[in-house]
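Heads up: the protein sequence lines correspond to chains A and B, in order. Heads up: the first sequence runs through residues 1 to 331, numbered per my numbering. Heads up: the second sequence runs through residues 332 to 686, numbered per my numbering. Even glycine gets a Cβ: it sits at the ideal position worked out from N, Cα and C. Written below as structure tokens is the structure these notes are about.
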Amino acid sequence: MTELVATTPGIFPLPDWAKDELSDLKGHQKSDLVSGDESEAITAAYDDVRAELIETQQDAGLDRIVEGQGRWDDNLAHPLAVHDNVETRGIVRYYDNNNFYRDPVVTGPLTESGDVADELDAAATQTDGLQVVLPGPYTLAALATDEQYGDEAAFLDATAEFLAGEAAAFPDHETLFLLEPSLVTDAPGDGRDAQASEAIDTVADAVDSEVVVYPFYGALDEKVYAHLMDADVDAIGFDLVSDHDANVYNAQEYGTKSGVALGVVDGQNTLVEDPTTVRERFDWFDGQVPSEAFETAYLTSNTELFYLPVNKAVAKMETLATAADLEEVEA
Amino acid sequence: MTREQLRPDDHPNEHFLLTTVVGSYPKPKWLNRADELHEDHDHGFDDEQLREAHDDAARLITHEHERAGVDAVVDGEMRRNEMVEFFAERIDGYEFNGPVKVWGHNYFDKPSVSSEVEYDEPWLVDEFEFTAEAASRPVKVPITGPYTLANWSFNEAYDDEETLAYELADLVNEEIGKLVAAGARYIQIDEPALATTPDDYAIVGECLDRIVADIPEDVRIGLHVCYGDYSRVYPEINEFPIDEFDVELCNGEYEQLEVFADEAFDPDLALGVVDAHTAEVESVEAIKENIKRGFEVVPPEQLTVSPDCGLKLLPREVAYGKMENMVQAAREVEAELDAGEVDVGFAGTAATADD
Numbered sequence: 001m002t003e004l005v006a007t008t009p010g011i012f013p014l015p016d017w018a019k020d021e022l023s024d025l026k027g028h029q030k031s032d033l034v035s036g037d038e039s040e041a042i043t044a045a046y047d048d049v050r051a052e053l054i055e056t057q058q059d060a061g062l063d064r065i066v067e068g069q070g071r072w073d074d075n076l077a078h079p080l081a082v083h084d085n086v087e088t089r090g091i092v093r094y095y096d097n098n099n100f101y102r103d104p105v106v107t108g109p110l111t112e113s114g115d116v117a118d119e120l121d122a123a124a125t126q127t128d129g130l131q132v133v134l135p136g137p138y139t140l141a142a143l144a145t146d147e148q149y150g151d152e153a154a155f156l157d158a159t160a161e162f163l164a165g166e167a168a169a170f171p172d173h174e175t176l177f178l179l180e181p182s183l184v185t186d187a188p189g190d191g192r193d194a195q196a197s198e199a200i201d202t203v204a205d206a207v208d209s210e211v212v213v214y215p216f217y218g219a220l221d222e223k224v225y226a227h228l229m230d231a232d233v234d235a236i237g238f239d240l241v242s243d244h245d246a247n248v249y250n251a252q253e254y255g256t257k258s259g260v261a262l263g264v265v266d267g268q269n270t271l272v273e274d275p276t277t278v279r280e281r282f283d284w285f286d287g288q289v290p291s292e293a294f295e296t297a298y299l300t301s302n303t304e305l306f307y308l309p310v311n312k313a314v315a316k317m318e319t320l321a322t323a324a325d326l327e328e329v330e331a
Numbered sequence: 332m333t334r335e336q337l338r339p340d341d342h343p344n345e346h347f348l349l350t351t352v353v354g355s356y357p358k359p360k361w362l363n364r365a366d367e368l369h370e371d372h373d374h375g376f377d378d379e380q381l382r383e384a385h386d387d388a389a390r391l392i393t394h395e396h397e398r399a400g401v402d403a404v405v406d407g408e409m410r411r412n413e414m415v416e417f418f419a420e421r422i423d424g425y426e427f428n429g430p431v432k433v434w435g436h437n438y439f440d441k442p443s444v445s446s447e448v449e450y451d452e453p454w455l456v457d458e459f460e461f462t463a464e465a466a467s468r469p470v471k472v473p474i475t476g477p478y479t480l481a482n483w484s485f486n487e488a489y490d491d492e493e494t495l496a497y498e499l500a501d502l503v504n505e506e507i508g509k510l511v512a513a514g515a516r517y518i519q520i521d522e523p524a525l526a527t528t529p530d531d532y533a534i535v536g537e538c539l540d541r542i543v544a545d546i547p548e549d550v551r552i553g554l555h556v557c558y559g560d561y562s563r564v565y566p567e568i569n570e571f572p573i574d575e576f577d578v579e580l581c582n583g584e585y586e587q588l589e590v591f592a593d594e595a596f597d598p599d600l601a602l603g604v605v606d607a608h609t610a611e612v613e614s615v616e617a618i619k620e621n622i623k624r625g626f627e628v629v630p631p632e633q634l635t636v637s638p639d640c641g642l643k644l645l646p647r648e649v650a651y652g653k654m655e656n657m658v659q660a661a662r663e664v665e666a667e668l669d670a671g672e673v674d675v676g677f678a679g680t681a682a683t684a685d686d
């Protein structure tokens, strides 16, 4: 009997009042974005954002609650963008989207910063069922520019050690989601694929929670998937919205972990799915993969939700929660 | 030739390098204030008062283009808020759900196509008629292209974005028909989305085929694209049914110019000769050198001179300075061409190109 867990990969759209208030407080230019030492007024605004995003998820009925990452101006590059030994330079495209972030250029050692832990400490006082979201090491390294470590392998290891250090400082939580879109869009070649998997182990070893690696914007190359199966994690994700066939093929050919995370709701389109459709997507995947029942299936939007206007992001959360409950009702 | 009809009666030189702009221009601060007052329902600044403010601004900026000497002018898009939103508000089938992040605290009211798109009221005919009435020079009409309107929206209603783009192309064709009936002779299709997804050039080509269907030959159709990797769309754009292809290139110091020099360039080239994202006004001498780079791709008869992109993000006096210097530079290059003093690329063989 599979436990269906309704969740999201985090990075929510700011509430509309906060878009206005924070752009007034901070400004519109590159240099105005978060640096890790915000003023009291800005910090207070983000505290309000966090409380609202947590309440929104609780109201929607999600099983795992994320901090919401309202402060993550640079999306998944945030943990580096606020680091003391990182300079943020030009505005660069965020994957194949009409979105942009500041290029984080690593110019010194990636020491522990505690930036994400501070957010989570605040979130942990407001909710149970906390789920932590971080970029996976391969993705974070791919989004950044290295001027410190010299070669790709050393930089990936350093990024993994950095994330492990951040994760070790986190408060108690249920689940750690490591988002790895770059494993799909910028697939590692021979040798690098094994190293990407080891880098994930480095981060996973730092926490006691369930660890989910979630690649998206398509499906992993077969070899990358095969190496990822070697990683010591509890679940691997499949973005069924952008490419269900290639994803299910990987699962059929190489098996899955005891848990899976399924991107079953489109995080980049305002069309709100019907909960029964979402449930059918899970059933389809479950039926295609010849294995014993998954212990856990995380039902999630396939991407972060910041691509959407607020009303649609909330509707998607409600859809996920309802879809997961359908299973429980019928069981 | 669709460009000769744009040559002013009092043009001083034998050669004619058509000067124009891409479209948007900084709004006067008072117009932004008027837009804000109109949005704030406590103020009682009503639709009629806003229309008057837009009329005043459109007249002012059209004349500002004329004062700078630009041959084919626009109203600086004074009535438009954003290049997708403006059209989405006028096309049935679109709805707005709220702003989405582009980067940092910059947002875009990205619309959703929630049902079949349909043509309702004309989009730009009033704007064109007003500008044409105010102007003593030919007026160019920029229209956001169907591929960009599809690509920069959420698609809830169609099986794929390609189908939506073609449906929108048919609507653009209908609008151009009305503009032409109202007297428009110079239309520019803006497709910045092509730069981010260049592999879709065939979709853009099919859209353009639909856009120009049954449009008279003497109507000049331009295509504006900016900040892309042109090796991925050239030479394919030679097959597009357009009279003019407008690109930036000044911002990239003409690094990509050689892409276009590779094979005979079929449409006219509208070359960006001033940078739309630097707040310094380029000197006339520097702009003349930029113009002459265009002769590496096309002869003078095929060269249009324009800024890289819309000027709306610049301080207004800088935008004006760039237009004024651009026009002066074009006129000086024309005089040099008349005198046979330019020997760059296709300009060096201008005599045979004329024959």
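Suppose you measure from the CA of A:Pro-344 to the CA of A:Leu-120; what does that come to, to the nearest Å? Nothing can be reported for residue 344 of chain A, as the shown portion of chain A is limited to 1 through 331.
Could you give the C-beta distance for B:Val-550 and B:Arg-468, rounded to a whole number, given that I count them as a contact under 8 Å? Wrong, their Cβ atoms sit about 17 Å apart, outside the cutoff.
Find the nearest neighbour of A:Ser-301 within the set A:Ala-313, A:Ala-206, A:Ser-291, judged by alpha-carbon distance. The alpha carbon of A:Ser-301 has as its nearest neighbour, out of A:Ala-313, A:Ala-206, A:Ser-291, the alpha carbon of A:Ala-313.
Return yes when the Cβ of B:Asn-582 is within less than 9 Å of the Cβ of B:Asp-560, no when it is not. Going by C-beta atoms, B:Asp-560 is not nearer than 9 Å to B:Asn-582.
Exposed unless 16 or more other CB atoms sit within 10 angstroms - verdict on A:His-244: Burial check for A:His-244: the Cβ neighbour count within 10 Å reaches 16 or more, so the residue is buried.
A:Phe-12 and A:Gly-61 look like a contact to me (Cβ under 8 Å); what is the Cβ gap, rounded to whole Å? Not quite, the Cβ-Cβ distance comes to about 16 Å (not below 8 Å), so this is no contact.
For chain A, check one thing: does any of its Cβ atoms lie closer than 9 Å to the Cβ of B:Glu-487? At a cut-off of 9 Å between beta-carbon atoms, B:Glu-487 makes contact with chain A.
Out of B:Ile-422, B:Arg-390, B:Gly-676, B:His-608, state which residue places its alpha-carbon closest to the alpha-carbon of B:Ala-466. The alpha carbon of B:Ala-466 has as its nearest neighbour, out of B:Ile-422, B:Arg-390, B:Gly-676, B:His-608, the alpha carbon of B:Arg-390.
When DSSP labels each residue in this structure, what does B:Lys-643 get in the three-state scheme? Judged by DSSP in its simplified three-state form, B:Lys-643 adopts coil rather than helix or strand.
Under the rule that 16 or more other beta-carbon atoms within 10 Å means buried, what is B:Arg-516, buried or exposed? Buried.
Find the nearest neighbour of B:Asp-402 within the set B:Gln-659, B:Val-590, B:Ala-513, judged by alpha-carbon distance. If you compare the alpha carbons of B:Gln-659, B:Val-590, B:Ala-513 with that of B:Asp-402, the shortest gap goes to B:Gln-659.
Validate contact between the segment 334 to 343 of chain B and the segment 289 to 309 of chain A using beta carbons, cut 8 Å, 3 pairs: In the pairwise beta carbon analysis, the segment 334 to 343 of chain B is classified as not touching the segment 289 to 309 of chain A: fewer than three pairs are separated by under 8 Å.
So which residues on chain D does B:Tyr-561 lean against when the C-beta distance must stay under 9 Å? Absent from the structure is chain D; the protein chains it does hold are A and B.
Is it buried or exposed, B:Leu-644, if we count other Cβ atoms within 10 angstroms and call 16 or more buried? Per the 10 Å Cβ criterion, exposed.
Residue nearest to B:Gly-536 in terms of C-alpha spacing, selected from B:Glu-567, B:Trp-454, B:Glu-506: Checked all of B:Glu-567, B:Trp-454, B:Glu-506; the closest Cα to B:Gly-536 is B:Glu-567.
Can you tell which of A:Asp-128, A:Thr-56, A:Phe-177, A:Ala-141 has its C-alpha closest to the C-alpha of A:Arg-192? Nearest to A:Arg-192 by alpha-carbon distance, out of A:Asp-128, A:Thr-56, A:Phe-177, A:Ala-141, is A:Ala-141.
In chain A, which residues lie less than 8 Å from B:Asn-656 when you measure between Cβ atoms? Residues of chain A passing the Cβ test: none, with the nearest at roughly 27 Å.
From the DSSP output, in three-state form, read off B:Ser-446 for me. Note: B:Ser-446 maps to strand in three-state DSSP.
Which value, in whole angstroms, describes the spacing of the CA atoms of A:Leu-220 and A:Ala-144? If you take the alpha carbons of A:Leu-220 and A:Ala-144, they lie about 21 Å apart.
Measure the C-alpha to C-alpha separation of B:Pro-343 and B:Pro-631 and round it to an integer number of angstroms. Spanning the two alpha carbons is a distance of roughly 16 Å.
Per DSSP, B:Pro-359 forms a beta bridge with which residues? Beta-bridge pairing links B:Pro-359 to no other residue.
Counting along the chain, where does the alpha helix (DSSP H) carrying A:Ser-197 start and finish? That run of the alpha helix (DSSP H) goes 192 to 204.
Boundaries (first-last residue) of the beta strand (DSSP E) holding A:Glu-210: Element bounds for A:Glu-210: 210 to 214.
Environment of B:Asp-674 [buried if 16+ CB atoms lie within 10 Å]: B:Asp-674 counts as exposed, since fewer than 16 other beta carbons sit within 10 angstroms of its beta carbon.
Which residues mark the beginning and the end of the beta strand (DSSP E) in which B:Asp-423 is found? Counting along the chain, the beta strand (DSSP E) containing B:Asp-423 begins and ends at 423 to 427.
Using a Cβ-Cβ cutoff of 8 Å, what residues of the segment 31 to 64 of chain A are near chain B? List them in chain order. So the list reads Asp-32, Leu-33, given in the order they occur along the chain.
Examine chain B for any beta-carbon lying closer than 9 Å to the beta-carbon of A:Arg-279, and answer yes or no. Interface annotation, A:Arg-279: not in contact with chain B, CB-CB separation never under 9 Å.
How about B:Ala-419 and B:Leu-480: are their beta carbons less than 9 Å apart? Yes. Within cutoff.
Between B:Gly-625 and the rest of its own chain, which residues show a CB-CB distance below 7 Å, the 5 nearest in sequence each way excluded? Excluding positions up to five away in sequence, the list reads Leu-600, Leu-602, Leu-634.
In chain A, which residues lie less than 7 Å from B:Val-675 when you measure between Cβ atoms? Near B:Val-675 there are no residues of chain A at all, since even the closest Cβ is about 33 Å away, more than 7 Å.
Give the DSSP-derived three-state secondary structure of A:Pro-104 in the structure shown. A:Pro-104 falls in the strand class under three-state DSSP.
Given 8 Å as the limit, is there contact between the segment 221 to 240 of chain A and the segment 185 to 205 of chain A, that is, 3 or more CB pairs closer than that? Output reads yes: the segment 185 to 205 of chain A touches the segment 221 to 240 of chain A.
Interface residues of chain B around A:Asp-274 at Cβ under 8 Å? The contacting residues do not exist; A:Asp-274 stays about 13 Å from chain B at best.
Can you find a C-beta in chain B that's less than 9 Å from the C-beta of A:Thr-8? False, the Cβ-Cβ gap to chain B never drops below 9 Å.
C-beta neighbour in chain A for B:Gly-424, strict 9 Å: With 9 Å as the cut-off, B:Gly-424 does not count as an interface residue toward chain A.
CB contact flag (B:Val-353, B:Leu-642, <9 Å): Taking C-beta atoms as the reference points, B:Val-353 and B:Leu-642 count as a pair closer than 9 Å.
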